[in-house]
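Here is the structure we will look at, set down as structure tokens.
This is the structure we're talking about:
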């Protein structure tokens with residue numbers, strides 16, 4: 012473990028953070044927070060100097076970085092596979108196989124997929140057509156993401172952990188892959204048995220007899236005839252389907268996604284009557300998406316022993332700090348977060364105030380901004396679902412385990428996020444408060 016002292020406050024990263032924050036509401040919180048970490052003095056010329064800070068304990072105990080998710084013992088980071096698409100033997104197949112192996116070798120053996128992952132744009136249009144009653148050929152969900160993950164998991168062999176990881180952090184041998192998938196609520200799935208059938212199909216594609224974790228992907232918001240005054244909400248039917256899956260042994264644990272406290276309370280009560288524990292709830296949650304009911308949802312889950320899982324923990328890459336106003340992302344929908352967009356409520360500075368703080372904390376910790384952003388999610392009690400597509404990304408992600416941000420660092424990061432004065436809205440077809448469902452977008456609020 013890295014136990015070197017914190018850098019002097021004169022380091023460039025801290026100077027950058029101080030300059031950006033000096034004329035903002037973050038400035039006071041910044042100075043208070045840094046004063047808790049460092050002893051300051053002023054020279055006659057007014058230059059801020061410091062004495063070396065105390066060493067920071069970077070590695071937590073093994074138990075602190077694993078969590079009980081229902082009956083499962085899993086690392087506090089899940090690997091997201093939404094971009095894992097088969098390449099018919101092409102180069103990306105080999106790259107994803109290497110990524111899977113690297114993740115496992117680093118102790119990251121919890122993989123999150125869904126029946127709709129890997130679906131082509133044509134398949135999504137098929138889904139929309141079927142939703143409004145038009146005839147379609149074949150299944151609306153391709154399931155290719157599940158099939159790819161299943162093939163990789165089938166070839167997984169126990170292997171020694173990567174040299175250099177602390178022996179106290181993981182068991183000597185990596186455990187088997189833990190596979191989580193999701194059921195998509197759609198208008199033509201009308202009964203609890205539709206959930207059971209979908210779970211069996213997912214298990215078959217993943218090559219397992221029983222799914223480790225099966226989640227409802229979202230509330231039943233796909234209502235194509237809502238504008239005509241007709242809706243048929245089937246959430247309770249789907250909960251009953253989860254209960255049947257559990258009691259029939261098709262799944263070991265059940266969860267939900269995109270539920271706020273009100274829906275969670277209803278679902279939790281229903282499943283409790285059926286003798287089924289609710290293991291998890293996966294929502295959009297990051298330093299840039301704490302409001303809109305997200306933080307309240309995380310707190311609600313933690314109070315009841317439900318594991319909150321966080322997708323978009325890096326806000327589609329914004330919090331990696333690899334982009335800037337001078338080095339814009341290829342995704343045009345993300346550029347507004349660096350250039351500002353008055354129509355979207357994003358000020359000219361965009362996300363830069365938060366990135367400056369991430370860089371400074373990362374430099375002090377000898378980590379990357381992405382690792383700090385991921386660790387913030389872990390420090391708040393949630394399990395981040397981090398999308399990786401290359402071996403080095405898996406390796407870098409694993410380095411977010413084994414240590415914790417201090418309370419002061421958490422507060423500073425949150426103050427810097429608030430100074431940005433906006434919440435992450437997503438990009439193009441992937442938005443923070445809606446799902447693209449073929450015929451359009453269906454929106455909801457967490458509560």
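Numbering (this note's numbering), first residue to last: 12 to 458. Using N, Cα and C, we set each Cβ at its ideal position, and we do this for glycine too.
{"Check": "Limits of the unbroken alpha helix (DSSP H) element including residue 421", "Outcome": "418 to 430"}
{"Check": "Under the three-state DSSP convention, the category residue 452 falls into", "Outcome": "strand"}
{"Check": "Residue 179 versus residue 318: straight-line alpha-carbon distance, rounded", "Outcome": "Low per-residue confidence applies at residue 179: pLDDT is 43, beneath 50, and the placement is therefore not dependable, though the value from the model is reported in the following sentence. About 23 Å."}
{"Check": "Under 8 Å between C-beta atoms of residue 309 and residue 296", "Outcome": "yes"}
{"Check": "Cβ-Cβ distance between residue 217 and residue 262 below 8 Å", "Outcome": "no"}
{"Check": "Distance between beta carbons of residue 304 and residue 190, contact taken as under 8 Å", "Outcome": "In fact, because the Cβ distance is near 29 Å, the residues do not count as touching under 8 Å."}
{"Check": "Residue of 83, 254, 88 and 202 minimising C-alpha distance to residue 391", "Outcome": "88"}
{"Check": "Where the alpha helix (DSSP H) through residue 393 begins and ends", "Outcome": "Note, residue 393: premise wrong, no alpha helix (DSSP H); not H, not E."}
{"Check": "Cβ distance (whole Å) where residue 413 is taken to contact residue 91 below 8 Å", "Outcome": "Not a contact, Cβ separation roughly 20 Å."}
{"Check": "CB contact flag (residue 433, residue 385, <8 Å)", "Outcome": "no"}
{"Check": "Buried or exposed (CB count within 10 angstroms, at least 16 for buried), residue 299", "Outcome": "buried"}
{"Check": "Residue 380 (DSSP reduced to helix, strand or coil)", "Outcome": "helix"}
{"Check": "Segments assigned beta strand (DSSP E), at least 3 residues, entirely inside the segment 231 to 297", "Outcome": "265 to 268 and 289 to 295"}
{"Check": "Endpoints, beta strand (DSSP E) assigned at residue 300", "Outcome": "It is not in any beta strand (DSSP E) - residue 300 carries neither H nor E in the DSSP assignment."}
{"Check": "Validate contact between the segment 280 to 287 and the segment 205 to 219 using beta carbons, cut 8 Å, 3 pairs", "Outcome": "no"}
{"Check": "Simplified DSSP assignment, three categories, for residue 94", "Outcome": "coil"}
{"Check": "Stretch-stretch touch, CB-based, cutoff 8 Å, three pairs: the segment 401 to 416 with the segment 331 to 341", "Outcome": "no"}
{"Check": "Residue 128 classed as buried or exposed, judged by whether at least 16 other C-beta atoms fall within 10 angstroms", "Outcome": "buried"}
{"Check": "Residues near residue 365 by beta carbon distance below 6 Å, same chain, minus five either side", "Outcome": "427, 428 and 431"}
{"Check": "Length of the line joining the Cα atoms of residue 350 and residue 361", "Outcome": "6 Å"}
{"Check": "Under 8 Å between C-beta atoms of residue 329 and residue 372", "Outcome": "no"}
{"Check": "From 77, 118, 367 and 124, residue whose alpha carbon lies closest to that of residue 96", "Outcome": "124"}
{"Check": "Residue range of the unbroken beta strand (DSSP E) whose run includes residue 445", "Outcome": "445 to 447"}
{"Check": "Residue 378 versus residue 450 - alpha carbon distance", "Outcome": "43 Å"}
{"Check": "Whether residue 257 touches residue 292 by CB criterion (8 Å)", "Outcome": "no"}
{"Check": "Residue(s) in a DSSP beta bridge with residue 226", "Outcome": "193 and 266"}
{"Check": "Cα-Cα separation between residue 173 and residue 404, rounded to whole angstroms", "Outcome": "Its pLDDT being 44, under 50, residue 173 is placed unreliably by the model, and the measurement read from it follows with that caveat. Residue 173 and residue 404: Cα-Cα distance of roughly 15 Å."}
{"Check": "Residue 60, DSSP secondary structure in three states", "Outcome": "In this predicted model, residue 60 has a pLDDT of only 31, less than 50, meaning its place in the structure is not dependable enough to derive any value."}
{"Check": "Min CB distance residue 252 to chain B below 8 Å", "Outcome": "The displayed structure is made up of one protein chain only, and chain B is not part of it."}
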